[in-house]
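Peer 1:
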Ligand SMILES: O=C(O)CCC(=O)C(=O)O
Ligand SMILES: [Fe+2]
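In UniProt numbering, the protein residues as written are 1 to 186.
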């Protein structure tokens, strides 16, 4: 999983025109990277009507605080992402693909060029959902800041300086749905 995260981040760095291939991936490639793996289980809604009528939330809306997340489920729907106009879009399950999302830390490292995606899970199916997610995070002491090699002349960081430990502590103290990055915006 870590290798896949690094490869995706290397492609993203290339797409941003950064010369140093591992400029983004080195934060999670090292031994001290604070990455973790999570399994979620969402029991099925009792009936399809219950799922449709009550819009049962299995995992409330949030952004992931780490750099990047890689997810796969047991081919069961439920995951939705929020578009910039506030509408929710269902992500079709795909047993042969990984779903990759940008976390808050990557938003900061790219000074807002990539945005962390707000998502949630609805228990909308009669089938129970199991998902597995690898969260690629930086070392606890690592400064999360825009990459110098990416910033144009006169461009300023949109964020205050903080370490991954500071952000993680703040994120876990806040409510899931809070815009947790706003605490660190300048
Ligand atoms: O279970 C899912 O599909 C998503 C869960 C999630 O967003 C998370 O664990 O951060
Ligand atoms: Fe998430």
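Using N, Cα and C, we set each Cβ at its ideal position, and we do this for glycine too.
I need the boundaries of the beta strand (DSSP E) containing residue 90, first residue and last residue.
Peer 2: In the chain shown, residue 90 corresponds to position 90, counting from 1. Looking at the DSSP string, the run of the beta strand (DSSP E) that includes residue 90 is 88-90.
Peer 1: Starting from residue 136, follow the beta strand (DSSP E) in both directions and report where the run begins and ends.
Peer 2: Counting from one through the chain shown, the residue named residue 136 turns up at place 136. From DSSP, the beta strand (DSSP E) with residue 136 extends over 129-136.
Peer 1: Mind checking which residues open and close the alpha helix (DSSP H) that includes residue 108?
Peer 2: Position 108 of the chain shown, counted from the start, is the residue given in the question as residue 108. Start and end: 104-109.
Peer 1: Just to confirm the assignment, what range does the alpha helix (DSSP H) spanning residue 20 have?
Peer 2: Within the chain shown, residue 20 is the residue found at index 20, counting from 1. Element bounds for residue 20: n/a, residue is neither H nor E.
Peer 1: Taking 7 angstroms as the cut-off, is the CB of residue 71 close to at least one heavy atom of ligand 1?
Peer 2: To locate residue 71, count along the chain shown from 1; it is residue 71. At least one heavy atom of ligand 1 is nearer than 7 angstroms to the Cβ of residue 71, so yes.
Peer 1: Nearer than 7 angstroms: is that true of the beta carbon of residue 180 relative to any heavy atom of ligand 1?
Peer 2: Numbered from its first residue, the chain shown carries residue 180 at position 180. The beta carbon of residue 180 sits no closer than 7 angstroms to any heavy atom of ligand 1.
Peer 1: Taking only the alpha-carbon atoms, compute the straight-line gap between residue 59 and residue 162 and give it to the nearest angstrom.
Peer 2: Against the chain shown, residue 59 aligns to sequence position 59. Against the chain shown, residue 162 aligns to sequence position 162. Cα to Cα, residue 59 sits roughly 27 angstroms from residue 162.
Peer 1: If you draw a straight line from the alpha carbon of residue 36 to that of residue 115, how long is it in whole angstroms?
Peer 2: Residue 36 sits at position 36 when you count from the first residue of the chain shown. Residue 115 sits at position 115 when you count from the first residue of the chain shown. One C-alpha to the other measures close to 21 angstroms.
Peer 1: Can you give the Cα-Cα distance for residue 172 and residue 159, rounded to whole angstroms?
Peer 2: Position 172 of the chain shown, counted from the start, is the residue given in the question as residue 172. Position 159 of the chain shown, counted from the start, is the residue given in the question as residue 159. Distance between the alpha carbons of residue 172 and residue 159: 19 angstroms.
Peer 1: So, do the stretch 75-84 and the stretch 134-152 have three or more beta carbon pairs nearer to each other than 8 angstroms?
Peer 2: Here the stretch 75-84 makes no contact with the stretch 134-152; the two share fewer than three CB pairs at distances below 8 angstroms.
Peer 1: What does DSSP give as the partner residue(s) for residue 11 in the beta ladder?
Peer 2: Counting from 1 along the chain shown, the entry for residue 11 is found at position 11. BP columns for residue 11 are empty, so no partner.
Peer 1: Does the beta-carbon distance from residue 164 to residue 34 come in below 8 angstroms?
Peer 2: For the purposes of this step, residue 164 is taken as the residue at position 164 of the chain shown. For the purposes of this step, residue 34 is taken as the residue at position 34 of the chain shown. A contact, by the Cβ cut-off of 8 angstroms.
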